[in-house]
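Mapped onto the UniProt record's numbering, the consecutive letters of the sequence shown carry residue numbers 1 to 225. Glycine included, C-beta positions come from ideal geometry on N, C-alpha and C. Keep in mind that this is a model prediction, so the values were computed, not measured.
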Amino acid sequence: MSDIKKVVIIGDSSFAQIAFEYFNNDSPYQVVGFAVESKFRKQDSLFNIPVIDFEKIELYFPNKNHEVFVAVTYVQLNRVRTRLYLEAKNKGYKMASYVSSRAFCWGNVKLGEHVFIFEDNTLQPFVEIGNNVVLWSGNHIGHHSIIRDNCFISSHVVISGHCDIGKNCFMGVNSTISNNIIIADDCLIGIGSVITKNTEQNNIYKGNPAIATNVMATKLFKVLE
Numbered sequence: 001m002s003d004i005k006k007v008v009i010i011g012d013s014s015f016a017q018i019a020f021e022y023f024n025n026d027s028p029y030q031v032v033g034f035a036v037e038s039k040f041r042k043q044d045s046l047f048n049i050p051v052i053d054f055e056k057i058e059l060y061f062p063n064k065n066h067e068v069f070v071a072v073t074y075v076q077l078n079r080v081r082t083r084l085y086l087e088a089k090n091k092g093y094k095m096a097s098y099v100s101s102r103a104f105c106w107g108n109v110k111l112g113e114h115v116f117i118f119e120d121n122t123l124q125p126f127v128e129i130g131n132n133v134v135l136w137s138g139n140h141i142g143h144h145s146i147i148r149d150n151c152f153i154s155s156h157v158v159i160s161g162h163c164d165i166g167k168n169c170f171m172g173v174n175s176t177i178s179n180n181i182i183i184a185d186d187c188l189i190g191i192g193s194v195i196t197k198n199t200e201q202n203n204i205y206k207g208n209p210a211i212a213t214n215v216m217a218t219k220l221f222k223v224l225e
């Protein structure tokens, strides 16, 4: 029991509830509480543990013996998760990560901090994953590819070899990235889209082969910055 680490989950929505299950049943962590920004908090407990104001987290769960994970999806093109992640770090917390015991990560894969990697992900040799990245279930990340900070990769996405996925991107279910492709920052890749050419920053791509819609992804996601 002395090896069990305590983690506080930021959020109480569906992702937070899923993270509770994974951390408690498939990691060295025990979830001891949830924290939500005060203006959004609507309950005092969840799964028989407290839900407290994020602004007061230090009073309930000191950073010397608690870690934090921000269980927020791709709201505002990942900006909300990123903001809370950085605020928790500024409060002095170590950021927890979860990698499923049913994910395949080759030995030389490099993982940043504060990542959440679900079951059935395959990360091939020389893959690099940045900070604050979520890989939902069943993705293939090809050899020598890079996923940069603050990305959200949904499910059954194929990223081929030697690809470079820019910061803050969202990739829809069943999307495919061909070999040697650069996905610029702030891109949304639509469901089932096939990317065969490099993309332009802050754009939405749909279709097979995918084409730019010339709609700003940050506008669609109502990014407030």
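Whose C-beta lies closer than 7 angstroms to the C-beta of VAL194 among residues of the same chain, with five residues either side of it excluded?
THR176, ASN208, PRO209, ALA210
Going along the chain, which residues of its own chain have a beta-carbon closer than 6 angstroms to the beta-carbon of HIS140, five neighbours each way excluded?
THR122, VAL158
PHE34: which of SER27, GLU58, ASP26 sits nearest, CA to CA?
GLU58
Same chain, Cβ closer than 6 angstroms to VAL8, neighbours up to 5 away in sequence not counted:
GLY33, ALA35, PHE61, HIS66, VAL68
SER101 classed as buried or exposed, judged by whether at least 16 other C-beta atoms fall within 10 angstroms:
exposed
Of the listed residues ASP164, THR199, ARG148, nearest to THR213 (C-alpha basis)
THR199
For ASP164, which of HIS143, ALA96, ASN174 has the nearest alpha-carbon?
HIS143
Taking its Cβ as the centre, do 16 or more other Cβ atoms sit within 10 Å of THR196, making it buried, or is it exposed?
exposed
Beta-carbon proximity list for PHE116, same chain, < 6 angstroms, skipping 5 on both sides
TYR98, VAL134
If we count the other Cβ atoms within 10 Å of its Cβ and call it buried at 16 or more, is ILE129 buried or exposed?
buried
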